[in-house]
Amino acid sequence: MAADRRRRITLFLLGFAAAGLAAGYALKAPCISGDWNDGKQYRRLCYSDIVPLYGARGLSEGRFPYLDSTAETRAAHQDVEYPAGTGLYFGAVAKTTTTLVSFFNANTVGLALMGIAAAWALSSTARDPRRVLLFAIGPPLILYAFHNWDLLAVGFATLGLYAFWRGADGWAGMLLGIGAATKLYPAFLLPALALAAWRRDEKPPWRMAALFVLGVAALNVPLLIANYEGWKYPWDFQSSRAPNFETAWFMVFRHIHPDYAGLATWYPTFANVASGVLFLIGAGVLIVLESLRERPRPFALGFGILVVFLLTAKVFSPQYALWLLPFFVLLRLPVWSYVAFVVTDAAVWISISAYFTAVQYASGDPAFRLNVTEVTVWLRYGVLLILLVLSRRAEELVAAPPGRAPEGAPVPLTA
29 MAADRRRRIT LFLLGFAAAG LAAGYALKAP CISGDWNDGK QYRRLCYSDI VPLYGARGLS
89 EGRFPYLDST AETRAAHQDV EYPAGTGLYF GAVAKTTTTL VSFFNANTVG LALMGIAAAW
149 ALSSTARDPR RVLLFAIGPP LILYAFHNWD LLAVGFATLG LYAFWRGADG WAGMLLGIGA
209 ATKLYPAFLL PALALAAWRR DEKPPWRMAA LFVLGVAALN VPLLIANYEG WKYPWDFQSS
269 RAPNFETAWF MVFRHIHPDY AGLATWYPTF ANVASGVLFL IGAGVLIVLE SLRERPRPFA
329 LGFGILVVFL LTAKVFSPQY ALWLLPFFVL LRLPVWSYVA FVVTDAAVWI SISAYFTAVQ
389 YASGDPAFRL NVTEVTVWLR YGVLLILLVL SRRAEELVAA PPGRAPEGAP VPLTA
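Okay, so the sequence shown: first residue is 29 according to my numbering, each after it adds one.
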C-alpha cells in the first residue's frame with residue numbers, strides 16, 4: 029500500500045517537473061531564433077548560451093567539438109570551452125540538426141529528460157516528497173533549465189546521490205564521474221559520499237573511487253588521444269578567463285581599477301590561485317568537521333562543499349543555482365532560506381541583464397545598473413553564507429532505502 033502511494037506521488041511530482049520545464053522552455057522561446065538585434069534576450073530574460081554558441085563554435089558549419097580543433101580555431105576562441113561530456117552532447121545534437129531552432133529544441137529534449145530523471149531520483153529519496161516541488165517548480169529550474177547545459181550534470185549528480193542512498197556505491201561513483209566529465213561540480217560531492225561510505229563500512233571506498241575515475245576517463249580519454257590540444261582547450265580557456273560580473277572577485281577589482289584594466293593580464297591568474305586555495309581550505313575544514321561526527325551526513329556535507337565553491341569561485345554563471353536545488357529537497361533547511369536564495373539569485377540575473385542591456389544597446393545608465401548588480405551580488409553571497417552555517421546542523425530528510433532500515437535511518441513513508 030505504501031509503495032503504491034509512493035508511486036502515485038512520484039508520478040504527480042514528475043508532472044510538476046514537466047510543467048516547470050515547460051515554463052522554462054516558454055521563457056526561452058522568444059529568443060531561440062537568434063534575432064537579438066533589439067536586446068530582447070535581456071529585456072525578456074530569455075537569453076540562452078545555446079543560441080550564440082551554435083554559430084560561434086562552428087557547430088553550424090559541421091565542426092565537431094575537440095576533434096576539429098586547430099591552432100587557428102583555438103587562437104580565434106572558436107573552440108568549445110566546456111568539459112568533454114557537454115561538448116560531446118551538443119556536438120552530437122548539432123550533427124542531427126540543420127538549423128539554430130532545431131538545434132536548440134533538440135538540446136532541450138535531452139536537458140528536460142535529465143531534469144525529469146533528477147526529479148524522479150529526488151522523489152524516491154526524499155522522506156517528504158512534497159519538498160520535491162522546491163526543485164520541480166523552483167524559480168532556478170524555470171530560469172536556467174535551458175540557459176546552458178548544466179541540467180546534464182545535475183541529472184547525473186542527483187542520480188549518483190540516489191544510487192548512494194540505495195547502497196550502490198559503485199554506481200554512485202560512476203554517475204558522479206560521468207557528471208564530473210560533463211561539468212566539474214559533481215566531483216565535489218565525491219568526498220562527502222566517500223567519507224560516509226568509509227565510516228559505514230570501516231574500509232576505504234575503493235570501488236566508488238575507481239568507478240568515479242572510470243566515469244571521468246570514459247568521456248575524456250578518447251578525446252585526449254584523438255586531439256590532445258582540442259581536449260585541453262577548455263582547461264586553458266577557464267584558467268585564463270577573467271572573473272565574471274556576478275562574483276566578488278570582479279566587484280572588488282572594479283573598485284581598484286574602475287576601467288577594469290588588468291582583468292585580462294595578471295588578475296585571472298591571481299583569482300585562479302586565490303579562489304582555489306580558499307576553496308580547498310573551506311572544503312577541507314568542512315570534511316574534517318564532518319568526520320568528527322558520530323554519523324557523517326553525506327548530503328549535508330556535499331551541499332556545504334558546493335556552497336563553499338560558489339562563495340570562492342571566480343566564475344558564478346547564472347545556471348549554477350541549479351546545483352543547489354536538489355539539496356533543498358534532501359535537507360531540512362528553513363523555507364525562508366530557500367526563498368532568500370531564489371530571490372537574491374533571480375535579482376542578480378535580472379540586474380545583470382539590465383546592465384548588459386545598457387552596455388550593449390545604449391539603454392539606461394550602465395554605471396548605475398552595475399551598482400545595482402553589485403548590491404544583489406553581495407546579498408546573494410550573504411544568503412550563501414547563511415546556507416553554509418545552516419548546513420552544519422541540517423538534518424538529512426531521506427527515507428529509509430527499500431528493503432533495509434539502517435540504524436539512524438528515518439522512518440519510511442507510510443500510507
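Ideal placement from N, C-alpha and C gives every residue a C-beta, glycine not left out.
Would you list the residues sitting across from residue i in a DSSP beta bridge?
i, result
"L359", "E424"
"A154", "V426"
Do you know how far the Cα of residue j is from the Cα of residue i?
i, j, result
"T372", "V411", "8 Å"
"G48", "P167", "9 Å"
"A375", "R71", "14 Å"
"V305", "T293", "20 Å"
"A224", "P326", "6 Å"
"A395", "V405", "15 Å"
"L251", "A245", "10 Å"
"L189", "A149", "8 Å"
"L128", "A164", "27 Å"
"M142", "R397", "35 Å"
"F265", "G115", "14 Å"
"A57", "G312", "42 Å"
"P440", "S151", "Residue placement at P440 is flagged as unreliable, the pLDDT there being 39, under the threshold of 50; the coordinate-derived value follows with that caveat. P440 and S151: Cα-Cα distance of roughly 13 Å."
"G207", "G201", "10 Å"
"W377", "G86", "28 Å"
"F92", "G119", "6 Å"
"P157", "W193", "15 Å"
"F356", "T98", "43 Å"
"L242", "A427", "29 Å"
"L139", "L180", "6 Å"
"L339", "L308", "12 Å"
"T391", "T385", "Here residue 391 turns out to be Ser, not Thr, going by the sequence shown. So the alpha carbons of these two residues sit roughly 6 Å apart."
"M29", "R36", "Because M29 sits at a pLDDT of 45, beneath the cut-off of 50, its placement in the model cannot be relied upon, and the following sentence gives the value as read from the coordinates. Between M29 and R36, the C-alpha separation is close to 11 Å."
"L39", "Y256", "45 Å"
"N65", "F278", "28 Å"
"S365", "G310", "21 Å"
"L161", "N300", "36 Å"
"G83", "A209", "24 Å"
"L221", "K211", "18 Å"
"R33", "P233", "35 Å"
"K123", "V137", "15 Å"
"D393", "V400", "11 Å"
"A196", "A238", "14 Å"
"A349", "P111", "19 Å"
"Y389", "Y172", "23 Å"
"Q347", "V370", "12 Å"
"A368", "V403", "14 Å"
"V280", "G258", "33 Å"
"I170", "F44", "12 Å"
"V387", "V121", "33 Å"
"L187", "R155", "16 Å"
"F337", "P362", "21 Å"
"R282", "A276", "10 Å"
"Y53", "K68", "16 Å"
"T101", "E109", "12 Å"
If residue i and residue j are in contact, beta carbons under 8 Å, what's the gap, nearest whole angstrom?
i, j, result
"A146", "P354", "6 Å"
"L204", "A215", "7 Å"
"T153", "L358", "7 Å"
"A218", "A185", "Before going further, note that residue 218 is Leu rather than Ala in the sequence given. Going by Cβ atoms, the distance from L218 to A185 rounds to 10 Å, so no, they are not a contact pair."
"D107", "Y213", "The Cβ separation is near 22 Å, so there is no contact."
"R360", "E423", "4 Å"
"V316", "S419", "Going by Cβ atoms, the distance from V316 to S419 rounds to 15 Å, so no, they are not a contact pair."
"I144", "A46", "7 Å"
"L55", "C74", "6 Å"
"L329", "G113", "So it is not a contact: roughly 24 Å between Cβ atoms."
"G198", "M236", "6 Å"
"L416", "G332", "6 Å"
Chain B beta carbons: is any one of them nearer than 8 Å to that of residue i?
i, result
"L359", "The chain inventory of the structure shown lacks chain B, comprising one protein chain alone."
On the three-pair Cβ rule with 8 Å, is the segment 337-348 touching the segment 266-281? yes
Quick one: which unbroken beta strand (DSSP E) runs of 3-plus residues sit fully inside the segment 181-226? Chain order, please. none
Cβ pair count under 8 Å reaching 3, the segment 126-144 against the segment 219-232: no
Residue ranges of each beta strand (DSSP E) run of no fewer than 3 residues wholly in the segment 283-327, ordered along the chain? none
Identify every run of the alpha helix (DSSP H) within the segment 329-383, keeping only runs that are complete inside it and at least 4 residues long; order them along the chain. 349-358
Along the chain, which unbroken stretches of the alpha helix (DSSP H) at least 4 residues long are found entirely within the segment 76-127? 78-84, 99-103 and 112-123
Can you find at least 3 beta carbon pairs, one from the segment 175-184 and one from the segment 380-391, that sit closer than 8 Å? no
Decide if the segment 41-61 is in contact with the segment 72-82; the criterion is three or more beta carbon pairs, one per stretch, under 8 Å apart. yes
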